[in-house]
Structures are given as C-alpha cells and as structure tokens.
Amino acid sequence: MDGTGGDGAVSCGSPGRSGTTTCLASPNAQCPAGQYCDSEMLTCSVGCTSDENCPADEECVRGSGEAVGTCTACPRCGDGACSAGETAESCPADCDVSNSNVGLDDCLETCDGFDFFCDDVDGDTCASACVGATAEKRGAFVECANTLNCSSYACVSMLE
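Position 160 of the sequence shown, counting from 1, maps to 1429 under the numbering used here, and the rest follow consecutively.
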C-alpha cells in the first residue's frame, strides 16, 4: 500500500480497526496488532502482511518483493513532516515550501515568552499567527522579539 487512494490524497488507516487477526490454528487465537498469523507455523509473528494486521492509524509497509512488512504510522497532514503520499497540493501545510513549518517551534516559544512577560500580547492569538505565517515571517518575528524585549506588539504584527 502506498498510503494514497490513487489520486495523491492520503487515505491511510481505517477508523475502528483493531489490528487483531484470527490465527488459523484456532478461531479463538488472536494475533495482536503489529503481528500476523504465520500460516506455516500457525503462530503469530512480528510484522504485517496487510493493513488488517495494523492498528487503525497505521498501514502495512512492505519493501519491494517482500511478503512481510512493518506497521507504520499513517502520514498526517499538518504534522510538520511531508510524508510519502503527501504532496504540496494535497497537504500544503507540510509540503509547500512557502508555508513550511520551518521556525514554527521557535515562533511558538517566543509567543509563550511574550504571554508570560508582556501585557500587550495574547499568547493564543500569537500562536495562531505563528501557525498561519510563512517561514520567512516567523524568522523575522523571532529576530524582532530577540531584539525588542517587551515591545511585542510590533513584532507580532510581522506575522500577519
């Protein structure tokens, strides 16, 4: 499975799927998520042969020509990583360089500092502005904040 529905959109995982599967030896024998039933040994073995062996938010990733793979977390748009199956069109938050998450952590830390030390900035509003800003605007904001102690409103306006 490549993590897409064929159109480039991420379609990974299956809500409500437990990942447990019945092992052929006995209808009562269950392999836990992340394991599959080895049909030759009739025992549970680590790995997966399909998505059915994985928890709801994971998919079975197998190497080329391999029968057994590993359950791997599904790509999540907005998690800060441009993962396989995500594109700039399907997930601009993670994959569009002009809206990358570069500097997001620094920006949010700076907002936390303003929220604690300064009266003129609401930390939640500042954090929302960080999330929506480009990497370039975040960098300018952090640089401004490092220069201007508590003249924070001027810096926060740079995120708009």
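Positions of the beta carbon are idealized from the N, C-alpha and C atoms, including for glycine.
Contact belief for residue i with residue j at Cβ below 8 Å, rounded distance in angstroms
i            : j            : result
residue 1315 : residue 1304 : 6 Å
residue 1321 : residue 1290 : 6 Å
residue 1344 : residue 1281 : 6 Å
Cross-strand partners of residue i (DSSP beta bridge)
i            : result
residue 1352 : Answer is none; residue 1352 lacks a bridge partner.
residue 1290 : 1300
residue 1342 : 1327
residue 1312 : 1307
residue 1413 : DSSP output for residue 1413 lists no bridge partner at all.
residue 1317 : 1338
Residue i to residue j span [Cα, whole Å]
i            : j            : result
residue 1319 : residue 1362 : 29 Å
residue 1413 : residue 1375 : 12 Å
residue 1285 : residue 1358 : 28 Å
residue 1406 : residue 1377 : 13 Å
residue 1436 : residue 1427 : For the chain, the structure presents residues 1270 to 1429; residue 1436 sits outside this window and is missing.
residue 1339 : residue 1347 : 23 Å
residue 1313 : residue 1400 : 44 Å
residue 1334 : residue 1404 : 40 Å
residue 1297 : residue 1306 : 13 Å
residue 1364 : residue 1396 : 21 Å
residue 1398 : residue 1415 : 18 Å
residue 1323 : residue 1308 : 18 Å
residue 1360 : residue 1402 : 16 Å
residue 1317 : residue 1352 : 20 Å
residue 1409 : residue 1332 : 43 Å
residue 1379 : residue 1411 : 7 Å
residue 1326 : residue 1283 : 7 Å
Cβ neighbour criterion (16 or more within 10 Å) applied to residue i
i            : result
residue 1372 : buried
residue 1336 : exposed
residue 1288 : buried
residue 1328 : buried
residue 1277 : Only weak support exists for where residue 1277 lies, its pLDDT of 37 falling under 50; the value from the coordinates is given anyway. With fewer than 16 other Cβ atoms within 10 Å, it is exposed.
residue 1301 : exposed
residue 1394 : exposed
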